[in-house]
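Number of protein chains: 2
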Amino acid sequence: MTTEGQGLHTHVLDTLGLAITAGAYPQGSVLRTDEVAQRFDVSRTVVREVVRVLESMHLVESRRRVGVTVRPTEEWNVYDPRVIRWRLAGADRPRQLRSLTVLRSAIEPVAAGLAAHHATPEQCAELTECALGMVATSRGHQLEGYLEHDIAFHRVVLNASGNEMFARLGDVVAEVLAGRTHHRVMFDDPDPAAVTLHVQVAEAVREGDAVRAEEITRQIAVGALAELDVLAP
Amino acid sequence: MTTEGQGLHTHVLDTLGLAITAGAYPQGSVLRTDEVAQRFDVSRTVVREVVRVLESMHLVESRRRVGVTVRPTEEWNVYDPRVIRWRLAGADRPRQLRSLTVLRSAIEPVAAGLAAHHATPEQCAELTECALGMVATSRGHQLEGYLEHDIAFHRVVLNASGNEMFARLGDVVAEVLAGRTHHRVMFDDPDPAAVTLHVQVAEAVREGDAVRAEEITRQIAVGALAELDVLAP
DNA sequence: CGGGCACTAAAAGTATGACGTTTATGTCTC
DNA sequence: GAGACATAAACGTCATACTTTTAGTGCCCG
Numbered sequence: 000m001t002t003e004g005q006g007l008h009t010h011v012l013d014t015l016g017l018a019i020t021a022g023a024y025p026q027g028s029v030l031r032t033d034e035v036a037q038r039f040d041v042s043r044t045v046v047r048e049v050v051r052v053l054e055s056m057h058l059v060e061s062r063r064r065v066g067v068t069v070r071p072t073e074e075w076n077v078y079d080p081r082v083i084r085w086r087l088a089g090a091d092r093p094r095q096l097r098s099l100t101v102l103r104s105a106i107e108p109v110a111a112g113l114a115a116h117h118a119t120p121e122q123c124a125e126l127t128e129c130a131l132g133m134v135a136t137s138r139g140h141q142l143e144g145y146l147e148h149d150i151a152f153h154r155v156v157l158n159a160s161g162n163e164m165f166a167r168l169g170d171v172v173a174e175v176l177a178g179r180t181h182h183r184v185m186f187d188d189p190d191p192a193a194v195t196l197h198v199q200v201a202e203a204v205r206e207g208d209a210v211r212a213e214e215i216t217r218q219i220a221v222g223a224l225a226e227l228d229v230l231a232p
Numbered sequence: 000m001t002t003e004g005q006g007l008h009t010h011v012l013d014t015l016g017l018a019i020t021a022g023a024y025p026q027g028s029v030l031r032t033d034e035v036a037q038r039f040d041v042s043r044t045v046v047r048e049v050v051r052v053l054e055s056m057h058l059v060e061s062r063r064r065v066g067v068t069v070r071p072t073e074e075w076n077v078y079d080p081r082v083i084r085w086r087l088a089g090a091d092r093p094r095q096l097r098s099l100t101v102l103r104s105a106i107e108p109v110a111a112g113l114a115a116h117h118a119t120p121e122q123c124a125e126l127t128e129c130a131l132g133m134v135a136t137s138r139g140h141q142l143e144g145y146l147e148h149d150i151a152f153h154r155v156v157l158n159a160s161g162n163e164m165f166a167r168l169g170d171v172v173a174e175v176l177a178g179r180t181h182h183r184v185m186f187d188d189p190d191p192a193a194v195t196l197h198v199q200v201a202e203a204v205r206e207g208d209a210v211r212a213e214e215i216t217r218q219i220a221v222g223a224l225a226e227l228d229v230l231a232p
């Protein structure tokens with residue numbers, strides 16, 4: 000997860016981004032371009048480009064005669080997918096998972112309601128397929144397969160909502176679901192009630208019942224939040 | 000709004016970003032680093048840094064031997080504040096305003112509900128103050144003053160929710176509200192009903208009534224959506 | 001003693017030229 | 001016609017020199 004290895008730039012960016020979001024450099028710390036270049040054994044050119052990207056994420060601020068200073072957490076672009084990945088990989092992963100789950104619980108019910116109106120026949124079919132896949136993998140320690148269908152399901156809902164901002168949250172949801180699965184005790188199968196709810200959402204969307212789709216999705220969200228309380232009290 | 004004038008980098012970035020998000024370069028278009036450098040009369044260094052930032056926003060993709068290609072809209076990082084600004088300044092501003100308003104309508108009610116639990120006394124006071132300010136400026140063509148208090152109000156709610164992801168949406172909400180105000184006929188005062196609702200939200204939050212805070216905020220959202228339908232049918 | 005002004009130097013910003021690396025594309029052969 | 005090979009185009013990286021901004025210092029004057 001750290002390097003991604005496709006170029007010096009990416010490596011330095013990932014390493015620095017991970018370190019900063021992990022809190023290795025507290026707010027106000029300064030990095031000097033030359034130092035960083037030396038430390039990673041790359042040219043200043045590369046470091047500058049990295050700094051520019053970190054700057055665009057509001058993780059740091061570069062000022063003349065002072066260096067690259069780390070900005071306070073409240074100013075970070077926490078919706079940047081890379082920032083999310085870094086933070087989920089870091090120390091305050093539980094905190095992060097919680098705030099993202101709350102975000103989901105606000106978005107997804109509304110998205111499901113919209114999907115009931117806007118979903119194409121193809122999307123309805125996909126949705127049903129995903130739900131069936133979830134049912135099929137919900138027993139017998141097939142968590143990975145279940146996760147895959149779960150992610151696909153929520154992605155389709157978000158896309159079918161017809162709202163661009165919702166659709167682009169698909170990656171975030173994927174991260175959250177993956178994070179949750181991989182941090183759960185690997186023995187217990189998914190909650191059967193949740194599986195049923197997903198099937199019902201697929202139904203409601205297919206039938207164009209927005210109110211029901213929203214309501215049931217809200218129940219799923221409540222369940223996710225409750226589960227979070229159990230895992231991270 | 001275009002230049003911001005603090006450095007070549009910023010100027011080129013803003014110009015290119017604006018052009019790309021405005022659709023001046025359709026998906027798949029290629030930019031050549033050298034060409035851009037020549038066009039803006041800057042060094043390749045600057046252009047490369049700009050490209051890296053655009054790349055980090057998933058607006059473009061840079062590949063060897065082919066150039067900098069514009070990515071399809073669905074892949075933009077639409078939560079990046081700069082992307083939002085650019086798109087709000089561009090042609091499909093109405094579309095953009097709508098999708099952002101839908102986002103608001105999903106987030107803010109939940110945020111208000113959380114705020115009822117988490118708001119500090121200071122935040123409650125601020126909220127009341129904002130609501131009073133809205134009342135005071137709601138009549139007599141003081142739209143600018145009203146806007147200011149409106150923005151402050153929603154910002155406080157989002158911050159008081161205690162959820163980081165919600166809090167960071169303050170800027171987006173500010174943009175949306177500003178955009179709405181500045182595109183409304185300047186003669187008509189704000190809807191008195193909306194003003195009342197804001198006051199009631201402040202009350203509910205102060206009293207810790209989460210359900211009511213959420214419900215009333217949802218009414219505000221409904222109103223905003225309805226208003227949007229009138230302006231952009 | 002204090003405040004303001006000029007100077008300095010540190011660090012980022014910019015420009016340029018050279019070279020490395022990947023890869024789309026055309027060509028050549030079988 | 002298919003596959004191997006060569007080529008060149010564009011980005012990727014590096015090194016270096018120069019410019020610009022600005023924090024910090026210290027001097028001078030009131």
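So the sequences go chain by chain: A and B.
Under numbering that gives the first Met the number 0, the first residue of the first sequence is numbered 0, with each subsequent residue one higher.
Under numbering that gives the first Met the number 0, the first residue of the second sequence is numbered 0, with each subsequent residue one higher.
In this text, a Cβ means the ideal position worked out from N, Cα and C, and glycines have one as well.
Distance between B/Ile219 and A/Gly6, taken at the CA atoms: about 49 Å.
Here A/Thr216 is not bridged, per DSSP, to any residue. Between A/Leu102 and A/Val204, the C-beta gap is not smaller than 7 Å, which leaves the two residues out of contact. In this structure, the beta-carbon distance from B/Gly89 to B/Thr14 does not fall below 7 Å. For A/Leu7, the nearest beta carbon of chain B is not closer than 7 Å to its own beta carbon.
Per DSSP, the beta bridge partners of B/Leu30 are B/Val67. Take the alpha-carbon of A/Ala151 and the one of A/Glu107: they are about 14 Å apart.
If you draw a 10 Å sphere on the C-beta of A/Ala225, you find fewer than 16 other C-beta atoms in it, and that means exposed. Only Arg94, Gln95, Arg97, Ser98, Leu99, Val101 and Leu102 from the segment 85-103 of chain A bring a Cβ to less than 9 Å from some Cβ of chain B. Listed in chain order, the alpha helix (DSSP H) elements of length 4 or more contained wholly in the segment 13-63 of chain B are 32-39 and 43-55. With fewer than 16 neighbouring CB atoms inside 10 Å of its own CB, B/Thr119 falls in the exposed class. B/Ala192 sits exposed, since fewer than 16 C-beta atoms from the chains shown fall within 10 Å of its C-beta.
Relative to the Cα of B/Gly139, the nearest Cα in the group B/Asp187, B/His8 and B/Val29 belongs to B/Asp187. Spanning the alpha carbons of B/Gln37 and A/Pro80 requires a straight line of approximately 33 Å. In terms of beta-carbon proximity, A/Tyr145 stays away from the interface with chain B, with every pair separated by 7 Å or more. If you ignore the 5 residues before and after B/Val49, its C-beta comes within less than 7 Å of the C-beta of His8, Val11, Leu12 and Leu15, all in its own chain and listed in chain order. Our two residues, B/Leu87 and A/Ser98, have alpha carbons roughly 27 Å apart in a direct line. Annotation: the continuous alpha helix (DSSP H) that includes A/His117 extends over Arg92 to His117. A/Leu196 places its beta carbon less than 7 Å from that of A/Ile215. The beta carbon of A/Gly132 sits closer than 7 Å to the beta carbons of His148 from its chain, once the five residues preceding and following it are set aside; these are given in chain order. Inclusion of B/Val82 and B/Trp75 in the CB contact set at 7 Å is warranted, their separation being smaller than that value. Boundaries of the alpha helix (DSSP H) around B/Gly178: Gly169 to His181.
With distances taken between CA atoms, B/Ser137 lies nearest to B/Asp190 out of B/Asp190, B/Arg70 and B/Leu30.
In this structure, A/Leu53 sits near A/Val59, with a CB-CB distance shorter than 7 Å.
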